Structures are given as structure tokens and as C-alpha cells.
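If you're matching positions, the sequence shown starts at 526 in my numbering and goes up one per residue. Quick notes on the structure that follows.
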Amino acid sequence: MTRARNQQVSLEDTPYYHCISRCVRRAYLCGDDPLTGQNFDHRKGWLVQRMKWLASQFAIDVCAYAVMSNHYHLVLGVNVAKARSWSDDEVLARWTKLFPRNAKLIETLRLNSSSKKAVELEAKTLAEWRERLQDISWFMRCLNERIARAANREDNCTGRFWEGRFKSQALLDERALVTCMAYVDLNPIRAGVSDTLEASDFTSIQERLVRQAQRAKEPNYRQQRLLKRRNARHLLKSKAQKQLRPLAEPGNRAQDALPIDRSSYVALLDASVRALRYEQAMDVELLNPLGSHSLLSQLGMKGHGWLQAVTKFHRHYALAAGSTDSLIAYQARRVKSGEVMRSTTKWVRGTVAAKLLYET
Numbered sequence: 526m527t528r529a530r531n532q533q534v535s536l537e538d539t540p541y542y543h544c545i546s547r548c549v550r551r552a553y554l555c556g557d558d559p560l561t562g563q564n565f566d567h568r569k570g571w572l573v574q575r576m577k578w579l580a581s582q583f584a585i586d587v588c589a590y591a592v593m594s595n596h597y598h599l600v601l602g603v604n605v606a607k608a609r610s611w612s613d614d615e616v617l618a619r620w621t622k623l624f625p626r627n628a629k630l631i632e633t634l635r636l637n638s639s640s641k642k643a644v645e646l647e648a649k650t651l652a653e654w655r656e657r658l659q660d661i662s663w664f665m666r667c668l669n670e671r672i673a674r675a676a677n678r679e680d681n682c683t684g685r686f687w688e689g690r691f692k693s694q695a696l697l698d699e700r701a702l703v704t705c706m707a708y709v710d711l712n713p714i715r716a717g718v719s720d721t722l723e724a725s726d727f728t729s730i731q732e733r734l735v736r737q738a739q740r741a742k743e744p745n746y747r748q749q750r751l752l753k754r755r756n757a758r759h760l761l762k763s764k765a766q767k768q769l770r771p772l773a774e775p776g777n778r779a780q781d782a783l784p785i786d787r788s789s790y791v792a793l794l795d796a797s798v799r800a801l802r803y804e805q806a807m808d809v810e811l812l813n814p815l816g817s818h819s820l821l822s823q824l825g826m827k828g829h830g831w832l833q834a835v836t837k838f839h840r841h842y843a844l845a846a847g848s849t850d851s852l853i854a855y856q857a858r859r860v861k862s863g864e865v866m867r868s869t870t871k872w873v874r875g876t877v878a879a880k881l882l883y884e885t
């Protein structure tokens, strides 16, 4: 049975969520269509530009993304403190950029500021908009509706573009966040679309590598090739857009940075790419050198379960991902709140995968 979105997204449990939207009938509406021979890669650029613009208006950061030919992945982080810090005027300005026609309502209410009911309605409306500006469902709605309308207009047709509602997974701890981000960033490589991180077009890891290459005083050969890559041009022209939530730098962790060291994260992805490329996903020795001193050991994760997790993350977990204890606690909270009637002592999907990845 379909669950209400407010039962799937709970900021009390975690601010991080993995979201997926698929094109209707999983058709190739965002890439090379094998049936018609048409290419719709430019729509991937639409998605990236739109999600980055929305992130600049919402109190929601994009942590990772991958836009494929028939679906896309997002890892979003909700910044509740940021939304609460906005003044009412800033909330009004941000919301009316999304929905300009709503500005007339506030104008009318302020013209009648002598009325107690008008003042109360204005306060209630702005409070509602503030909540929506930190709501993942509204973020995804603003993203998917705009892309669907633009694609239908281009195709001169009507009807659905997306396959129903987007799917979401709660990322309950740092290890689940890192694993899911890697799963998203490695999507083109798993699908056989690309064989390097630099060639993984329309992904967050490519964007992070582009930004790193732009900051380099003397770019190396790989960085020079990346900056000249055709499908990375949209990143070179989008300096004014909202950037991804940053990764931590050694000795200089920004307040809003993700709890992941940038160099260690890129090194971990590089090692994972080599393992996937040579079809050695179950080769423990391949990741042992990395696991002894980098992100895997820092987060207490095991090398022999890592590649299983980043290749089958969405299959291993259902509504939530995390350690065994966090999954059981998450299920217990859902039972206590009345969302589900199932006992917490029964099977919780994802615990086996969590044991494989996290527990010794």
C-alpha cells in the first residue's frame, strides 16, 4: 500500500534523504532513445540547472546527484536551522521566486494590515511557506513539474513524463550517507555508460572534480581533459549557481560541510571504479590497502561489503538505510507513532546488508 510522504520523510530521524525519479515506462526520455534515434541529453542539463537553482531558494542542499537516461538520483540534506533563521521578508522573497503569483496574496493582506484577521492570515501563510521551503516533497515537485512541462512542450504532447511519485530513503547515519553518495556517484560506471569518474557526465562527482580542476594553479593532464570535456561545459558556465554541499577539507572543516574528507572520498571512489572495471567486486584484497588508512576505516566499514553496498544499495534497503541498531530504532519509532502495526521484533529490511558492511 502506498505510504503518505510525511510517513517517509521525518526530519526528527535524519536530515538526509536519497530520492529517485524515473521516466514513465522507464523510456529513454533524457538520453539517446534507441527506438527513435533522437538524443535528449540536453534535458539532463535542464535537471542539473533546475535542481541547483531550487537549492538556492530552498533550505535544502544537494549532496550528490546522477542524471541518467531514464531516471535520476538525488541525495538531499535539509537545513532546518537555515530556514528558521530567515526573516518573514526573506521567506516571502524566496517563495515568490518559485510562485510569483502568490505575491499578490501578501500584497492584499498588507493593504489591509489594520484588520486583525489579515495580520493573522499573513503570519499563518508565511509560516506555511517557511515549512514548504524545507520540505523535500515541495522541492521534488518544483523540480519534476518544470522538467515534465518543458519536455512535453518540446515533444508537442501531453501526459505523464515521470513514473508516479518519487521514491525516498532515509539515510540514518554518516556511514549510510557516504555509502549512498558513492552509490549515486558510481551510477554511470555501474551502468557501463562511462569508465572513469571524469567521464561520468551529469554527476556530482564530476562537478566536484571540475571545481577542483578550476581551483588548481597547474591542472594536471586529467584535469585539463576534464575542463575541455564537451558534456562538462554546463558546469563551467554555472559559477553563479548554488554549489553542492561541500566535502570536508583536512584541518579546515566548514560549518556546513559533509562529514567526509574530500580527498579520501575521491580515493575511495577511484578504488571502487577499478574494482568494478575489472569485475572484482568480491575481491577483498583489492580494497584492503585503502581500508587500512582511509574513509572505510574512519567510518568503521568493511571492504568486502563496500562494493556490494554501492552496487545494490537501493535493493538492500527500503525506506531507510543505516546500521542495524539505527534501522531497528527507526522501525520502533514508526511503530510507536502508529505509522505501521508491525512489531519491531520482526524482520526489518536492510539489517543483513548493514551487518555485512558495518559489523566485524
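Where is the CB? At the ideal position from N, CA and C, for every residue including glycine. Small disclaimer: the values here were computed from a predicted structure and weren't measured.
Sequence-distant residues of its chain with Cβ nearer than 8 angstroms to aspartate 558 (five each side left out) = Ala552, Asn564, Phe565, listed in sequence order.
In chain order, what residues of the same chain have a beta carbon less than 7 angstroms from the beta carbon of leucine 651, not counting five sequence neighbours either side?
-> Only Asp613, Val616, Leu617 meet the Cβ criterion.
CA nearest to the CA of alanine 591, picked from Arg547, Arg758, Gly684, Asp850 | Relative to alanine 591, the option among Arg547, Arg758, Gly684, Asp850 whose CA is nearest is Arg547.
State the DSSP-derived secondary structure class of threonine 683, mapped to helix, strand or coil.
-> In this structure, threonine 683 counts as coil in the three-state DSSP scheme.
Indicate whether at least one CB of chain D lies closer than 8 angstroms to the CB of arginine 666.
-> The displayed structure is made up of one protein chain only, and chain D is not part of it.
What is the rounded straight-line gap between the Cα of glutamine 823 and the Cα of glycine 847?
-> Taking the straight line joining both Cα atoms gives about 16 angstroms.
Proximity winner among Leu794, Trp687, Arg874, Ser862, relative to histidine 839 (alpha-carbon distances) | Ranking Leu794, Trp687, Arg874, Ser862 by Cα distance to histidine 839 puts Arg874 first.
Since I believe alanine 580 is in contact with aspartate 604 (beta carbons under 8 angstroms), could you give me their beta-carbon distance rounded to a whole number of angstroms?
-> Note that residue 604 corresponds to asparagine in the displayed sequence, not to aspartate. Asparagine 604 to alanine 580, Cβ: 10 angstroms. No contact.
Inter-residue Cα distance where the pair is glutamate 723 and leucine 794 | Their backbone Cα atoms lie some 11 angstroms apart in a straight line.
When we look at the beta-carbon of alanine 879 and count the other beta-carbons within 10 Å, is it buried (16 or more) or exposed?
-> Around the beta carbon of alanine 879, a 10 Å sphere encloses 16 or more other beta carbons of the protein chains shown; the residue is thus reported as buried.
Which residue's Cα is closest to the Cα of alanine 887: Gly689, Trp571, Ala757?
-> What the structure shows of the chain is the stretch from 526 to 885, and residue 887 is not part of that stretch, so it cannot be assessed.
Taking cysteine 705 as part of the alpha helix (DSSP H), name the residues at either end of that continuous run.
-> Judged by DSSP secondary structure, cysteine 705 falls within the alpha helix (DSSP H) whose first and last residues are 699–710.
Close-in-space but distant-in-sequence residues of the same chain around leucine 881 (CB under 6 angstroms, 5 per side omitted) | Result list for leucine 881: Gly830, in chain order.
Does the Cβ of threonine 561 have 16 or more other Cβ atoms within 10 Å, making it buried, or fewer, making it exposed?
-> By the Cβ-count criterion, threonine 561 is exposed, with fewer than 16 other Cβ atoms from all chains shown falling within 10 Å of its own Cβ.
Span of the alpha helix (DSSP H) around alanine 724 | If you look at alanine 724, you'll find it isn't in any alpha helix (DSSP H); DSSP assigns it neither H nor E.
Alpha-carbon spacing of aspartate 586 relative to arginine 715, whole angstroms = Their Cα atoms are separated by approximately 25 angstroms.
Sorted by chain position, which residues of the same chain lie with C-beta nearer than 6 angstroms to phenylalanine 691's C-beta, five sequence neighbours on each side aside?
-> Excluding positions up to five away in sequence, the list reads Cys544, Ser546, Met665.
First and last residue of the uninterrupted beta strand (DSSP E) at arginine 547 | 541–547 is the span of the beta strand (DSSP E), which, as asked, contains arginine 547.
Determine the direct distance from the alpha carbon of leucine 760 to that of leucine 821, and round the result to whole angstroms.
-> Rounded to the nearest angstrom, the gap between the Cα atoms of leucine 821 and leucine 760 is 30 angstroms.
C-alpha distance - valine 731 paired with glutamine 737, whole-angstrom precision = Correcting the residue type first, residue 731 is glutamine in the shown sequence and not valine. Using only the alpha carbons, I get a separation of about 10 angstroms.
Serine 594: buried (16+ other C-beta within 10 angstroms of its C-beta) or exposed?
-> Buried, by the Cβ-count rule.
Cβ neighbours of tyrosine 541 in the same chain (closer than 6 angstroms, five flanking residues each side left out) = Contacts found: Gly602, Leu696, Leu702.
Output yes or no for whether 8 angstroms exceeds the beta carbon distance between alanine 628 and leucine 634.
-> Going by C-beta atoms, alanine 628 is not nearer than 8 angstroms to leucine 634.
Do you know how far the Cα of leucine 623 is from the Cα of aspartate 720?
-> Cα atoms of aspartate 720 and leucine 623: separation of roughly 38 angstroms, rounded to the nearest angstrom.
Measuring CA to CA, which of Val534, Val798, Val735 is closest to tyrosine 708?
-> Between tyrosine 708 and the set Val534, Val798, Val735, the nearest pair of CA atoms involves Val798.
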